[in-house]
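**Student:** The listed protein sequences derive, respectively, from chains A and B.
Residue 1 is where the first sequence starts when you use our numbering, and the numbers rise one by one after that.
Residue 126 is where the second sequence starts when you use our numbering, and the numbers rise one by one after that.
Even for Gly, the Cβ is constructed at its ideal location relative to N, Cα and C.
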Amino acid sequence: MRDMAGLAEGAPLFVQIAERLADEIADGGLVEGEQVPSTNELAAYYRINPATAAKGIAMLTDDGLLEKRRGIGMFVAAGARARLLAERRKRFAERYVEPLVAEASRLGIDADELIALIREGSTKL
Amino acid sequence: MTPAISVTGLTRHYRGQLALDDVTLDLEPESITGLLGRNGAGKTTLLRILAGHEFASAGTVTLLGASPVENETVLRQMVFVREDQSYPDLKVRRVVQVASWFYPNWSHELADELLEEFDLPLNRKVRKLSRGMRSALGIVIGLAARAEVTLFDEPYAGLDPASRQVFYDRLLADYAEHPRTVLLSTHLIDEAAGLFERVVVIDRGRIVFNTAADDLRGAATSVSGPAIAVAEFTAGRPVWNRRRIASQESAVVAGALNETDRARAAALHLRLEPLTLQEVVVQVAGAPAASQQERTSA
Numbered sequence: 001m002r003d004m005a006g007l008a009e010g011a012p013l014f015v016q017i018a019e020r021l022a023d024e025i026a027d028g029g030l031v032e033g034e035q036v037p038s039t040n041e042l043a044a045y046y047r048i049n050p051a052t053a054a055k056g057i058a059m060l061t062d063d064g065l066l067e068k069r070r071g072i073g074m075f076v077a078a079g080a081r082a083r084l085l086a087e088r089r090k091r092f093a094e095r096y097v098e099p100l101v102a103e104a105s106r107l108g109i110d111a112d113e114l115i116a117l118i119r120e121g122s123t124k125l
Numbered sequence: 126m127t128p129a130i131s132v133t134g135l136t137r138h139y140r141g142q143l144a145l146d147d148v149t150l151d152l153e154p155e156s157i158t159g160l161l162g163r164n165g166a167g168k169t170t171l172l173r174i175l176a177g178h179e180f181a182s183a184g185t186v187t188l189l190g191a192s193p194v195e196n197e198t199v200l201r202q203m204v205f206v207r208e209d210q211s212y213p214d215l216k217v218r219r220v221v222q223v224a225s226w227f228y229p230n231w232s233h234e235l236a237d238e239l240l241e242e243f244d245l246p247l248n249r250k251v252r253k254l255s256r257g258m259r260s261a262l263g264i265v266i267g268l269a270a271r272a273e274v275t276l277f278d279e280p281y282a283g284l285d286p287a288s289r290q291v292f293y294d295r296l297l298a299d300y301a302e303h304p305r306t307v308l309l310s311t312h313l314i315d316e317a318a319g320l321f322e323r324v325v326v327i328d329r330g331r332i333v334f335n336t337a338a339d340d341l342r343g344a345a346t347s348v349s350g351p352a353i354a355v356a357e358f359t360a361g362r363p364v365w366n367r368r369r370i371a372s373q374e375s376a377v378v379a380g381a382l383n384e385t386d387r388a389r390a391a392a393l394h395l396r397l398e399p400l401t402l403q404e405v406v407v408q409v410a411g412a413p414a415a416s417q418q419e420r421t422s423a
């Protein structure tokens, strides 16, 4: 497989491009008002078709996370990071807690034991 | 927008053998399309007819709105690079020079860069080049021509992986600056998949898929785990393929899975792995005739 900077071949590439950019915005790697890489820059970095990169950008534009400044390029919209973080909090239980509880019950770990493990884990961070 | 390539009802026989069977296809200008399928599926025949190297038994073909057959205006805007392309036995330098006279959009700068990157010996006669070097020469011409319609048929016989990487990167970079219509047939789907905006999959002379490349990624999922659980999960779903060992089973389920499906798979302790574009193509166009029939009726 070709090195596509970690993109997976089992899911639409344009969705993964959108997710990568959203991650960067959520992590503060791209700040509000900052210009995002151009379609051609993304295409060269990920080694993908420019139209695919453009589709990923369009997805974030449609969500209002990016905005176009005519003749200059695409920029991170105001409030984008807060909105992404709010969405992620909403999905936290479904993405992390549910699988955690499911695996714990498979292993016979009860809720109290799980809570204790989480406490122990969080002191190490 | 007028399609750059338009094919309607294209059929081609060879002495009773049907190489292309009623193929209809439009490709938009400024796109890179992968032409995929097994050996003998009809990829080369289609490309040769598009290039005007071969005639259709029935149907019509237009490139940039006109027939390519003996049409110099069209042919100067079209470049066709074949697997194991043969050239007149001239020096490399001379072959490139002759090509540059033919193509109106020719880039000397790009040609020089590519010749250097592929490390081609300019003063060597084509006959004395290795197979990989001849392929590289074809790629130099195919890219430097900057032809509005650019056709590549498995253009990298004998090319090592590093040189193929040069080809993919240079194609993307030059395409970004000078968009054109590219149709590339390949068996190395995993390697080339990222290049494609669209893919056309041919099987036994017929088009089975003509779709956005991203639509095929994850279009089927491999489900594996205890056979009983796999049987429960796959009941009522189209299954393309099953393999079994002892109490374990692996099945390929067509169609995207939703959150409910995933939760159910997790509850059944099943592993889910979405199929890559290459794996999906192998599933839809890689099966021998018998199991293909079985799949269609499933």
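Would you identify the three-state DSSP class for S122 (chain A), choosing helix, strand or coil?
**Tutor:** Looking at S122 (chain A) - three-state DSSP - the assignment turns out to be helix.
**Student:** Closer than 7 angstroms, CB to CB, is P399 (chain B) near chain A or not?
**Tutor:** Judged by the 7 angstroms Cβ criterion, P399 (chain B) is in contact with chain A.
**Student:** When you compare the CB of D214 (chain B) with every CB in chain A, is at least one pair closer than 7 angstroms?
**Tutor:** No, no contact with chain A.
**Student:** Considering Cα atoms alone, identify which of B:D237, B:S255, B:L320 is closest to V265 (chain B).
**Tutor:** Cα-wise, what sits closest to V265 (chain B) is B:D237.
**Student:** For the region 315–327 of chain B, list every residue whose C-beta sits within 7 angstroms of some C-beta in chain A, in sequence order.
**Tutor:** So the close ones are D315, E316, A318, G319, L320, F321, E322.
**Student:** I'd like to know if I157 (chain B) contacts chain A, where contact means its C-beta is closer than 7 angstroms to some C-beta of that chain.
**Tutor:** It does; some Cβ of chain A falls within 7 angstroms.
**Student:** Would you call the CB atoms of R252 (chain B) and A282 (chain B) closer than 7 angstroms?
**Tutor:** Not a contact, by the Cβ cut-off of 7 angstroms.
**Student:** Can you pull the chain B residues whose beta carbon is under 8 angstroms from the beta carbon of T61 (chain A), in chain order?
**Tutor:** Near T61 (chain A) there are no residues of chain B at all, since even the closest Cβ is about 17 angstroms away, more than 8 angstroms.
**Student:** Helix, strand or coil for Y46 (chain A)? Go by DSSP, reduced to three states.
**Tutor:** Helix, per DSSP.
**Student:** Quick check on A337 (chain B): does DSSP put it in helix, strand or coil?
**Tutor:** It is a strand residue.
**Student:** Check whether the Cβ atoms of V355 (chain B) and A376 (chain B) lie closer than 7 angstroms to each other.
**Tutor:** Yes. Within cutoff.
**Student:** Who pairs with F75 (chain A) in a beta bridge, going by DSSP?
**Tutor:** Answer is A:Q35, A:E67, bridged to F75 (chain A).
**Student:** Would N248 (chain B) be called buried (16 or more neighbouring beta carbons within 10 Å of its own) or exposed?
**Tutor:** N248 (chain B) is exposed by the Cβ-count criterion.
**Student:** What does a CB cutoff of less than 7 angstroms around F358 (chain B) pick up in its chain, not counting 5 residues either side in sequence?
**Tutor:** So the list reads V348, R389, A390, L393, L395, once near-sequence residues are dropped.
**Student:** Quick one: does R342 (chain B) have its CB under 7 angstroms from some CB of chain A?
**Tutor:** It does; some Cβ of chain A falls within 7 angstroms.
**Student:** Under 8 angstroms by Cβ, that's how I've got L262 (chain B) and V217 (chain B) pegged, so tell me the actual separation to the nearest angstrom.
**Tutor:** Between V217 (chain B) and L262 (chain B) the Cβ distance is about 6 angstroms, and since that is below 8 angstroms, they are a contact.
**Student:** Which bits of chain B does A102 (chain A) rub up against, with CB to CB less than 7 angstroms?
**Tutor:** A391, listed in chain order.
**Student:** For I17 (chain A) versus A80 (chain A), is the C-beta spacing smaller than 7 angstroms?
**Tutor:** No. Outside cutoff.
**Student:** Which of helix, strand or coil does DSSP assign to R387 (chain B)?
**Tutor:** If DSSP states are grouped into helix, strand and coil, R387 (chain B) belongs with the helices.
**Student:** Less than 7 angstroms separating the beta-carbons of S182 (chain B) and R137 (chain B)?
**Tutor:** Yes, they are a contact pair.
**Student:** Starting from W226 (chain B), follow the alpha helix (DSSP H) in both directions and report where the run begins and ends.
**Tutor:** Unbroken alpha helix (DSSP H) run through W226 (chain B): 217–227.
**Student:** Looking at the unbroken alpha helix (DSSP H) that takes in H233 (chain B), where does it start and where does it end?
**Tutor:** 233–242 is the span of the alpha helix (DSSP H), which, as asked, contains H233 (chain B).
**Student:** Pull up the distance between the alpha-carbon of K68 (chain A) and that of L85 (chain A), whole angstroms please.
**Tutor:** Straight-line Cα distance between these residues: approximately 22 angstroms.
**Student:** Can you tell me whether G165 (chain B) is buried or exposed, with buried defined as 16 or more other CB within 10 angstroms of its CB?
**Tutor:** Under this definition G165 (chain B) is an exposed residue.
**Student:** Mind the definition here: the region 101–113 of chain A touches the region 268–287 of chain B only if three or more C-beta pairs lie below 8 angstroms; say whether that holds.
**Tutor:** As far as the Cβ criterion goes, the region 101–113 of chain A does not touch the region 268–287 of chain B, which means the pair count is below three.
**Student:** Check whether chain A comes within 7 angstroms of A270 (chain B), counting only Cβ atoms and requiring the distance to be less than that.
**Tutor:** No, A270 (chain B) does not count as interfacial toward chain A.
**Student:** Tell me, please, whether the region 149–167 of chain B touches the region 322–329 of chain B by the rule of three or more beta-carbon pairs shorter than 8 angstroms.
**Tutor:** Yes, the region 149–167 of chain B touches the region 322–329 of chain B.
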